[in-house]
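Reading through the structure tokens given below for one structure.
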Amino acid sequence: MKPKNIFFFLGSNTGPLANALFLDSIFGQENLPEPPFILAVNHVSIPDGWLISNFMMDCFDMPAWTIGRDDFWIGKRWSNFIGPRLGGIVIDWRCPAKALERAREVLLKKGIIQIFPEGTRNPDKRALCLGKTGVARLALSARVPVVPVGYFGPRVATTFDGIKNFVFKRNLARIVFGKALDFSEYYGKTIDRDLLYEVTDKIMIEIGKLCDKRPRLHVISNPKRTY
0 MKPKNIFFFL GSNTGPLANA LFLDSIFGQE NLPEPPFILA VNHVSIPDGW
50 LISNFMMDCF DMPAWTIGRD DFWIGKRWSN FIGPRLGGIV IDWRCPAKAL
100 ERAREVLLKK GIIQIFPEGT RNPDKRALCL GKTGVARLAL SARVPVVPVG
150 YFGPRVATTF DGIKNFVFKR NLARIVFGKA LDFSEYYGKT IDRDLLYEVT
200 DKIMIEIGKL CDKRPRLHVI SNPKRTY
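As structure tokens, then:
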């Protein structure tokens, strides 16, 4: 699936400039499988998803569709209008499952989905936020691998932050792709809370290794887990 949205055309023409301004280095690209797959990324700042999606266009001639909150693009109305045009799948909190249904459609058409399982930008340099279960739900439903990603870069929440850190301080971003995680052993099992927590924690542990942060794990009823 090669979605020709606005972001695809913008990224195709401005990707080299964005990389020169914001990106220092990328490691582990050999770990990327052929689509479809899910990218599970720690969330630090505004440019992280943009830079990773640009790299997907370099590798596979398609951007990653990114699941995001309905207020990400300056308010809910504007987010619902511009989000899908920029490769975003906007979460409607009245029915969050719709976003996962849309993401599953993208994966079934051999696309790429990018999710930040922390659910919000996390400035903590030591620990990840507790992972949300959307990545696990989607991976088990669509039966696709999950690629954990570690992102290093300055915390950017405003245009001024971006100019100060990237342009003047040259505090550039670094992206590390881990080995794809195969959850086929869980296919066909009943998807309950403990199973979702177990898969989510495995993903967060790998993300933590890549971005040098301690993962926070769920409390589950299975006393035999070994990770």
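What the sequence shown shows, in numbering that gives the first Met the number 0, is residues 0 to 226, in sequence order.
Even for Gly, the Cβ is constructed at its ideal location relative to N, Cα and C.
- The alpha carbon of I174 has as its nearest neighbour, out of S52, R192, P122, G118, the alpha carbon of S52.
- By the CB criterion at 9 Å, I111 and I25 fall outside the cutoff.
- Note on L16: under 16 other CB atoms within 10 angstroms of its CB, so exposed under the neighbour-count rule.
- When rounded, the separation of the alpha-carbon atoms in P46 and I90 is 19 Å.
- For L22, the three-state secondary structure derived from DSSP is strand.
- Within the model, the alpha-carbon separation for T132 versus P32 is close to 22 Å.
- For K97, the closest C-alpha among the options L195, P144, R136 is that of R136.
- Apart from sequence neighbours up to five positions away, the residues of its chain that approach G177 with a beta-carbon distance below 8 Å are G27, N30, V146, P147, V148, G149, E205, I206, K208, L209, ordered along the chain.
- Going by DSSP, T65 is part of the beta strand (DSSP E) stretching over 64-67.
- Here K212 is buried. Its C-beta has 16 or more other C-beta atoms within 10 Å.
- When rounded, the separation of the alpha-carbon atoms in V155 and V40 is 16 Å.
- Of all alpha-carbon atoms in G130, E184, D123, the one lying nearest the alpha-carbon of G152 is that of D123.
- By the beta-carbon neighbour count (other beta carbons within 10 angstroms, threshold 16), Y186 is exposed.
- Beta-bridge analysis with DSSP links L38 to Q113, V146.
- Apart from the 5 residues on each side of it in sequence, R142 sits with its Cβ closer than 7 Å to the Cβ of Y186 in its chain, given in chain order.
- Collapsing the DSSP output to three states places L180 in a strand.
- Rounded to whole angstroms, the gap between the alpha carbons of M55 and D191 is 32 Å.
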